[in-house]
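Below is one structure, written out as structure tokens; comments come after it.
Residue numbers (the working numbering): 141 to 267.
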């Protein structure tokens, strides 16, 4: 395999991985909001049960975990974006897919999950 073929394979792998990450990001956030909504709905309809508040620990822990995961992912996606642009330049391509969208979405969802964690923490410890 010559260098050009290797670069094309790397380029293709980056784009395929990017599409997979974008798909997984949307699925993860859908699951997160479904679980959080279900647990919050349960808690607010069963406030007379003293242990109902324990149901909020799952979405709170998910919020913290996803915040860290998305923050690290946003940072690492900038490295991948730079690598794709370097490969584009070596292959003399005029354009390449804009991978910055993934970075922006990861940043937005990172902030959203942090705010949800703060809100859930407030409900858990101050109500």
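Ideal Cβ positions, reconstructed from N, Cα and C, are used throughout, including at glycine.
Evaluate residue 253 with the Cβ neighbour count: other Cβ atoms within 10 Å of its Cβ, from every protein chain shown; 16 or more gives buried, anything less gives exposed.
That one is buried.
Our contact map puts residue 193 next to residue 264 with C-beta atoms below 8 Å; I'd like the distance itself, whole angstroms only.
Indeed, because the Cβ distance is near 6 Å, the residues count as touching under 8 Å.
Using a Cβ cut-off of 8 Å (strictly closer), state whether residue 148 contacts chain D.
Although the question refers to chain D, the structure presented lacks it and comprises just one protein chain.
With DSSP as the reference, label residue 152 as helix, strand or coil.
Residue 152 falls in the helix class under three-state DSSP.
Within the continuous alpha helix (DSSP H) that includes residue 235, where are the two ends?
Unbroken run through residue 235: none, as it is neither H nor E.
Between residue 149 and residue 162, what straight-line distance do the alpha-carbon atoms span, to the nearest angstrom?
Straight-line Cα distance between these residues: approximately 20 Å.
From the DSSP output, in three-state form, read off residue 226 for me.
The answer is helix: DSSP assigns residue 226 an H, G or I state.
So which of 184, 144, 181 and 219 has the shortest CA-CA distance to residue 240?
Residue 219 is the option with its Cα nearest to residue 240.
Going by beta carbon distance, what residues of the same chain come within less than 6 Å of residue 186, once the five residues before and after it are set aside?
Contacts found: 192.
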